[in-house]
Amino acid sequence: MNEQTIFITGASAGFGAACARSFARQGNRLILTARRIEPLLALQQELAGRAEIHIIPLDVRDREGVQGAVAGLPERFREVDVLLNNAGLALGLEGAQEAHLDDWETMVDTNIKGLMYCTHAILPGMVARNRGHIVNIGSTAGAWPYPGGNVYGGTKAFVTQFSRNLRCDLLGTRVRVTCIQPGMAETDFSKVRFKGDEDQAARVYQGTEPLTAEDIAETVAWVVNRPAHVNINTLELMSIDQTWGPLAVHRSAKG
Ligand code: NDP
Ligand code: 8X3
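Quick note: to get the numbering used here, add 375 to the position in the sequence shown (first position is 1).
Right under this line is the structure:
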C-alpha cells in the first residue's frame, strides 16, 4: 500500500500517533489532526522525509471546524483514501447515579458526534471516487458491559452499529468500513479517564501485559492492506490478560 491519503483524528497520542508512524513507514500521505498542535508538530518533524504530512489543529466536536478542515484540504491531500476515526475518550468510572453530566456530554460529543461529523464530511468524496476505507475505533466496552462503563460503553456501541449501518448504505460501492474493538490498551486513555491521576491510571494495567498502541497500529494497517474486495467488518482484540467476567449476582445478607 503506497501513497494513500490517510486522515487520522486523534493523532497527537496513543493509537492515532502509532498509526501515523506505521502509515508513514509505508510511504503514505498523512493528514494528522487533534486538538493539541505541539505533539502534531513533533510527529510531523519525526516523520519528515518518510511521508508527506499535513497537520490540522481540530476539535472533532466542532461541526463547522470539521467541515472547514475537510473543505480546505490542500490539493495533494484532497482525495482521502482512508479515514481513521480514532479521536475519543472516556471520562470517569463512577456509577451512573454518581457520574457527571458534563463528562457524559463530552463523551457523546466526541465519540459519537465527532465521528459523525468527520464521516459526513469525508464519505461523499469517497463514494464519488468509488474508493475509500473508513476505519472506526470502537471498543470491547461497546459490546461487553462493566460497572462504570455506562455512557462510554454506549458511545462505543454506537460506533459498532454505525459502522455496520454504513456497510449497508455503501453496498454497491468500493468503499469499505471496519470497526476495530480493542480491549485494555496502555496509552494516555486512563490518565484522561481519571483526569490526570497517574497512580489510578497505572493501577489499570498493573500486573498485566496490556495491548499497546503499536498492536492497534498493526491491526489497522492489516485491515487497510487487505485486497480491495475484502472488507473486515469488525475486529475485536484483547490482551491475553483480559477476558469476560461471569454475570454478576447480588445476594442479600438474609440468605
Ligand atoms: P489517548 O488518550 O492516548 O489518545 C486519544 C486521542 O484522541 C488524542 O490524540 C486526543 O488528542 C484525541 N482527542 C480526544 N478528544 C478529542 C477531540 N475533541 N477532538 C480531537 N481529538 C481528540 O487514548 P487512545 O489512543 O487509547 O484512544 C484512541 C481511541 O481508542 C479512543 O476512541 C478510545 O476510546 C479508543 N479505545 C482505547 C482503548 C484503550 O484501552 N486505550 C481501548 C479501546 C478503544 P488531543 O487531546 O490532542 O485532542
Ligand atoms: C477502552 C477499553 O475496557 O477501558 O475502550 O473500556 S475499556
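No residue lacks a Cβ here, since even glycine has one placed at the ideal position from N, Cα and C.
- Per the coordinates, the alpha-carbon of A399 lies some 30 Å from the alpha-carbon of Q536.
- A buried status is given to N525, since no fewer than 16 other beta-carbon atoms sit within 10 Å of its beta-carbon.
- Judged by beta-carbon spacing, L541 lies beyond the 9 Å limit of L610, meaning their Cβ atoms are not closer than that value.
- Out of A393, A386, Q420 and Q401, the CA that lies nearest to the CA of R410 is found in A386.
- Under the three-state reduction of DSSP output, I406 falls in the strand class.
- Comparing alpha carbon positions, the residue from F390, E421, A426 and G389 closest to I406 is A426.
- Taking 8 Å as the upper bound for CB-CB distance, T515 and M482 are not in contact here, some 16 Å apart.
- For E611, the enclosing beta strand (DSSP E) stretches over residues T609 to L612.
- Below 8 Å, too few C-beta pairs join the stretch 586-593 and the stretch 414-421 to call them touching: fewer than three.
- Contact annotation: L464 and V567 have beta-carbon atoms nearer than 9 Å.
- The stretch 500-513 and the stretch 442-458 touch, with three or more beta-carbon pairs separated by less than 8 Å.
- When DSSP states are grouped into helix, strand and coil, I497 belongs to the helix group.
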